[in-house]
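First comes the structure, then the notes that go with it.
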DNA sequence: CTGTTAGCGCATTCAA
DNA sequence: TTGAATGCGCTAACAG
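Protein chains in written order, with my numbering: chain A, 1 to 339; chain B, 1 to 339.
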């Protein structure tokens, strides 16, 4: 029969007014200790659950925040969602994870609809939605606070959390150079993602520091997915003078590279070094020796949620990356490959 | 300035009553064609977005459904969420994807809270939440319609969608037997999941039909994750008489097996056949020749959502599986391994 | 086919 | 420290 006790029922049972129950619910001060106890007892007796809908309608905050994303990597989104959820859980908030299509011309309208319909208190954007002009405009127009995870550029008005993609790619490239490689191929990420650009920048920088010229034929476009890694690896290895190392802009594509190498009977890491980026669990699965970059995805998401909730001044928080070297440290440099 | 037009504003602008606007909003019949057009024009002029909160409070349906899950496979949940979202999108519903912890003793309370607070119209449960008694009791107590994806047992009161796990495992085992294998190891899934049991049943059945006795030392416990696949593979391959084929209950564990095989210099599939289950993209990534079972995950999710929405009589829908054989068909049977 | 009225469950003015 | 009244934006009876 029960299953629908409302605030008035609680008030009656506790012998107080509705307003007092509301105060207890919202953790207000100025509530007598005894009164609070009575109310809490009544709430648990009745298994009272405050209706979010009613709270939204009557109040100013909904206790809901949205995570808007359009990322096709299951690993990545899994970690991002996890980080946001953990923080929301801790704060008693509801997270609305909402996928969108950044190529949709109506995405601005979609986001306006989402925010207005659900009354979310804030929004978290993950790459590449972070750099979708229509979305940013919609959120600013609606005056909703939002935080961006790994955005493409700084934004004076809103906070963001990110890692230093360029530096990480630089580190990896330098690592490969230090192993003795002189012919290092690079597979770019999806053009939609700002990180793709930054990682390329880091690759170039690493080569330059190593005194190695950037060769255009060693640069291949990819899309952060396995198949594009396969295609790019095929093209690179078909070159008259193929690279001795391939640095893919994420682990999915690195997996594609490894797959091609295996198919052609090329021993990794002895005949070909393969490096990835992101340290998804995929890295370990595909090849125990895959060297990769640890991107702290759930930590980024958690930090972003935290920034959104504290609602302080605009902050840009950088979290550290880490080079994960598995096995290939002991690899002898490919002397024979020196040009 | 705008960004907050309500139903009354629309009514005023269209020169009709709020009720009429409400009718248009809810796609009611008995609205004059002209009137409807005027209202729609007013709505789009004002960029009107009906507040879900208000609709929930006033009406009987919320237009929201919840997907409750506790599955640690990013691939799997990605597909399940995708399927549910697609169907919801098509129907104009909001999906609340909510992770839970099935080992939490208070999970019943958590689910009651979720349903009561959000007023969801229905719930989709994915394995292993499908078999969590506390959750089922909570939903029945609240009288919320729900549909289960891959439940452990039939339930007279609620609909479900599933595949025939036992038959699929049987097919795979038979396939291995037909390849000539007589020593086939099996790695079970997580004990929480009903599918783990069914797949083991299928394995036994396949062996029996092939006239092969089940050996306890060829059965290893796993947890559907990469690491447990590694551990189980290690144990199996350390046996005095190791299996010539290993059938892992899902692709993540199969990836672990492949990783171990590679680490030990065991050629797959020539010296060891490895079979997986689920056909996550991981299968192709790890090893192009991994034979696996295609579980139609997003289709299951979509079908489940559909069943929930049509709200008809209890139905139990089985979707077909498919044996995905990659490369190992041409593998010569391991004659030398016959006992 | 259309309009009027009365709440849904809660937070939020104001008073006491 | 507490309580009474008002309304958030919408739908659901009931009229017309």
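Every residue gets a Cβ at the ideal spot worked out from N, C-alpha and C, and that includes glycine.
(1) What are the boundary residues of the beta strand (DSSP E) that residue 161 of chain B is part of?
(2) List, in chain order, every chain B residue whose beta-carbon is nearer than 9 Å to that of residue 50 of chain A.
(3) Apart from the five residues just before and just after residue 112 of chain A, which ones in its own chain have a Cβ nearer than 7 Å to its Cβ?
(4) Mind checking which residues open and close the beta strand (DSSP E) that includes residue 74 of chain A?
(5) Helix, strand or coil: which one does DSSP assign to residue 218 of chain A?
(6) Roughly how many angstroms separate the alpha carbons of residue 220 of chain B and residue 273 of chain B, rounded to a whole number?
(7) List, in order along the chain, the chain A residues whose C-beta lies closer than 8 Å to that of residue 247 of chain B?
(8) Counting pairs of beta carbons, one from the region 210-227 of chain B and one from the region 297-315 of chain B, are three or more of them closer than 8 Å?
(9) Along the region 208-236 of chain A, what residues have a CB closer than 7 Å to any CB found in chain B?
(10) Can you check the region 198-253 of chain A for any beta strand (DSSP E) of at least 3 residues that lies completely inside it and give the ranges in chain order?
(11) Do we get a CB-CB distance below 8 Å when we pair residue 342 of chain B with the residues of chain A?
(12) Determine which residues share a DSSP beta bridge with residue 99 of chain A and list them.
(13) Should residue 69 of chain A be flagged as near chain B, meaning a C-beta pair shorter than 8 Å?
(14) Hey, could you find the ends of the beta strand (DSSP E) residue 125 of chain A is sitting in?
(15) With a threshold of 7 Å on Cβ separation, who are the neighbours of residue 203 of chain B within its own chain once the five nearest residues in sequence on each side are excluded?
(16) Is the number of C-beta pairs between the region 118-128 of chain A and the region 65-77 of chain A that are closer than 8 Å three or more?
(17) Quick one: what does DSSP say residue 156 of chain B is sitting in, helix, strand or coil?
(18) Give me the Cα-Cα distance between residue 196 of chain B and residue 190 of chain B, rounded to the nearest whole angstrom.
(19) Let's see if you can read the secondary structure: which residues bound the beta strand (DSSP E) around residue 144 of chain B?
(20) DSSP on residue 15 of chain B, reduced to helix/strand/coil?
(21) How far does the beta strand (DSSP E) with residue 40 of chain A in it extend, from its first residue to its last?
(22) From this set, A/266, A/271, A/261 and A/293, which residue's C-alpha is nearest residue 285 of chain B's C-alpha?
(23) Which value, in whole angstroms, describes the spacing of the CA atoms of residue 110 of chain A and residue 116 of chain A?
(24) Kindly indicate if chain A contains any beta-carbon less than 8 Å away from that of residue 171 of chain B.
(25) Once you ignore the five residues that flank residue 314 of chain B on each side, which residues in its own chain have a CB closer than 7 Å to its CB?
(26) Is the beta carbon of residue 229 of chain B sitting closer than 8 Å to the one on residue 268 of chain B?
(27) So if I threshold CB-CB distances at 9 Å, which residues from the region 258-284 of chain A count as touching chain B?
(28) Comparing C-alpha positions only, which one of A/287, A/319 and A/290 sits nearest to residue 296 of chain A?
(29) When we look at the beta-carbon of residue 270 of chain A and count the other beta-carbons within 10 Å, is it buried (16 or more) or exposed?
(30) Using a Cβ-Cβ distance under 8 Å, would residue 26 of chain B count as near chain A?
(31) Going by DSSP in three states, residue 292 of chain B sits in which element: helix, strand or coil?
(32) Would DSSP call residue 268 of chain B helix, strand or coil?
(33) Going by beta-carbon coordinates alone, are residue 355 of chain A and residue 79 of chain A separated by less than 8 Å?
(34) Return the first residue and the last residue of the alpha helix (DSSP H) that residue 55 of chain A is part of.
(35) If you measure from the beta carbon of residue 16 of chain B to each beta carbon in chain A, is any gap under 8 Å?
(36) Please state the DSSP three-state secondary structure of residue 107 of chain B.
Let me lay it out:
(1) For this step, residue 161 of chain B is matched to residue 161 along the second chain. Residues 159-163.
(2) Working through the first chain from its first residue, we reach residue 50 of chain A at position 50. Residues of chain B passing the Cβ test: 116 and 117.
(3) As a working note, residue 112 of chain A is residue 112 in the first chain. So the list reads 138 and 142, once near-sequence residues are dropped.
(4) The residue labelled residue 74 of chain A in the question sits at position 74 within the first chain. Per DSSP, residue 74 of chain A belongs to no beta strand (DSSP E); it is in the alpha helix (DSSP H), 74-91.
(5) Against the first chain, residue 218 of chain A aligns to sequence position 218. In the structure shown, residue 218 of chain A sits in a helix (DSSP, three-state: H, G or I).
(6) Counted from its first residue, the second chain places residue 220 of chain B at position 220. Counted from its first residue, the second chain places residue 273 of chain B at position 273. Their backbone Cα atoms lie some 17 Å apart in a straight line.
(7) Translated into the one-based positions of the second chain, residue 247 of chain B becomes position 247. Under the 8 Å cutoff, chain A gives no residues; its nearest Cβ is about 18 Å from residue 247 of chain B.
(8) no
(9) 226
(10) 245-248
(11) Residue 342 of chain B cannot be examined here, being either before or after the span of chain B that is shown, 1 to 339.
(12) The count along the first chain starts at 1 and reaches residue 99 of chain A at position 99. Per DSSP, A/69.
(13) Residue numbering aside, residue 69 of chain A sits at position 69 when the first chain is read from its first letter. Answer no: the Cβ-Cβ gap between residue 69 of chain A and chain B never drops below 8 Å.
(14) Position 125 of the first chain, counting from 1, holds the residue named residue 125 of chain A. From DSSP, the beta strand (DSSP E) with residue 125 of chain A extends over 122-126.
(15) Along the second chain, read from residue 1 onward, the residue named residue 203 of chain B stands at position 203. For residue 203 of chain B, where only same-chain residues beyond five positions count, the Cβ hits under 7 Å are 169, 173, 186 and 247.
(16) yes
(17) Taking the first residue of the second chain as 1, we reach residue 156 of chain B at position 156. If DSSP states are grouped into helix, strand and coil, residue 156 of chain B belongs with coil.
(18) Looking up residue 196 of chain B in the second chain gives position 196. Looking up residue 190 of chain B in the second chain gives position 190. When rounded, the distance between both Cα atoms is 6 Å.
(19) Along the second chain, read from residue 1 onward, the residue named residue 144 of chain B stands at position 144. First-last for residue 144 of chain B: undefined, no H or E at that position.
(20) Counting from 1 along the second chain, the entry for residue 15 of chain B is found at position 15. Coil, per DSSP.
(21) Looking up residue 40 of chain A in the first chain gives position 40. No beta strand (DSSP E) contains residue 40 of chain A, which is instead part of the alpha helix (DSSP H) from 33-46.
(22) The sequence position of residue 285 of chain B within the second chain is 285, counting from 1. The residue with the shortest Cα to Cα distance from residue 285 of chain B is A/261.
(23) Reading the first chain from its first residue, position 110 is the one you call residue 110 of chain A. Reading the first chain from its first residue, position 116 is the one you call residue 116 of chain A. Cα to Cα, the separation comes out at about 10 Å.
(24) In the second chain, counting from the first residue as 1, residue 171 of chain B sits at position 171. No, its Cβ sits nowhere closer than 8 Å to a Cβ of chain A.
(25) As a first step, residue 314 of chain B is located in the second chain; it is residue number 314 there, counting from the start. Result list for residue 314 of chain B: 156, 157, 158 and 159, in chain order.
(26) Residue 229 of chain B sits at position 229 when you count from the first residue of the second chain. Residue 268 of chain B sits at position 268 when you count from the first residue of the second chain. Cβ distance not < 8 Å, so residue 229 of chain B and residue 268 of chain B don't count as in contact.
(27) 258, 259, 262, 263, 280, 281, 282 and 284
(28) Counting from one through the first chain, the residue named residue 296 of chain A turns up at place 296. When only C-alpha atoms are compared, the closest one is A/319.
(29) Taking the first chain and counting its residues from 1, the one referred to as residue 270 of chain A is at position 270. With fewer than 16 Cβ atoms within 10 Å of its Cβ, residue 270 of chain A is classed as exposed.
(30) Along the second chain, read from residue 1 onward, the residue named residue 26 of chain B stands at position 26. False, the Cβ-Cβ gap to chain A never drops below 8 Å.
(31) Translated into the one-based positions of the second chain, residue 292 of chain B becomes position 292. It is a strand residue.
(32) Indexing the second chain from 1 puts residue 268 of chain B at position 268. The answer is coil: DSSP assigns residue 268 of chain B none of H, G, I, E or B.
(33) Shown here, chain A extends from 1 to 339; a query on residue 355 of chain A therefore has no answer.
(34) Against the first chain, residue 55 of chain A aligns to sequence position 55. Taken as a continuous stretch (DSSP letters only), the alpha helix (DSSP H) holding residue 55 of chain A covers 52-58.
(35) For the purposes of this step, residue 16 of chain B is taken as the residue at position 16 of the second chain. Chain A, which has no Cβ nearer than 8 Å to the Cβ of residue 16 of chain B, makes this no.
(36) Residue 107 of chain B sits at position 107 when you count from the first residue of the second chain. The answer is helix: DSSP assigns residue 107 of chain B an H, G or I state.
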